[in-house]
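> The structure under discussion is supplied below as structure tokens; questions concerning it will follow.
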Amino acid sequence: MLDKDKLIIVCYVACGDMSKYKAAMVLSEIKHMLISTFDDSVKVIVIPQLHSYETRLEFINTNNETLNEDKLSQFGLAAQNLQTNINKFVDFE
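Just so you know, we're using the working numbering here: the sequence shown kicks off at 1164 and counts up by one.
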């Protein structure tokens, strides 16, 4: 499957108060967790936010697939849970 056909998850991880070593370890763990969570139809990109305390997610679907309200609601809930878990992981480290 080509990258252009995949759902792309971009995860911006807050690393504002971490050392570079700790940030690298956290980013590696988060990327590994995300990659192992999804199949090969999802591409994961993890970006450190070195001067920020905000972790956020972006979802890119280059196929411009239309989602109905039910699927959009399920997707929003899954995205919220994913971001909450990442924030707990970052706070735990």
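Note that the Cβ used here is the ideal one computed from N, Cα and C, for glycine as well.
Suppose you measure from the CA of K1169 to the CA of Q1212; what does that come to, to the nearest Å?
Taking the first residue of the sequence shown as 1, we reach residue 1169 at position 6. Taking the first residue of the sequence shown as 1, we reach residue 1212 at position 49. Near 24 Å, if we compare the C-alpha coordinates of Q1212 and K1169.
> So, under 8 Å CB-CB, L1197 and V1189 are touching, yes? Tell me the CB distance rounded to an integer number of Å.
Along the sequence shown, read from residue 1 onward, the residue named residue 1197 stands at position 34. Along the sequence shown, read from residue 1 onward, the residue named residue 1189 stands at position 26. Incorrect: roughly 13 Å between the Cβ atoms, too far for contact.
> Measure the alpha-carbon distance for K1167 versus D1203 and round it to whole angstroms.
To locate residue 1167, count along the sequence shown from 1; it is residue 4. To locate residue 1203, count along the sequence shown from 1; it is residue 40. Roughly 12 Å between the two C-alpha positions.
> Just mark T1247 as buried or exposed, buried being the case when its beta carbon has 16 or more other beta carbons within 10 Å.
Along the sequence shown, one-based indexing puts residue 1247 at 84. Flag for T1247 reads exposed.
> Out of E1232, S1199, L1245, state which residue places its alpha-carbon closest to the alpha-carbon of T1218.
Counting from one through the sequence shown, the residue named residue 1218 turns up at place 55. Nearest C-alpha to T1218: L1245.
> Using beta-carbon positions only, say whether I1172 and L1220 come within less than 9 Å of one another.
Taking the sequence shown and counting its residues from 1, one reaches residue 1172 at position 9. Taking the sequence shown and counting its residues from 1, one reaches residue 1220 at position 57. Cβ atoms of I1172 and L1220: closer than 9 Å.
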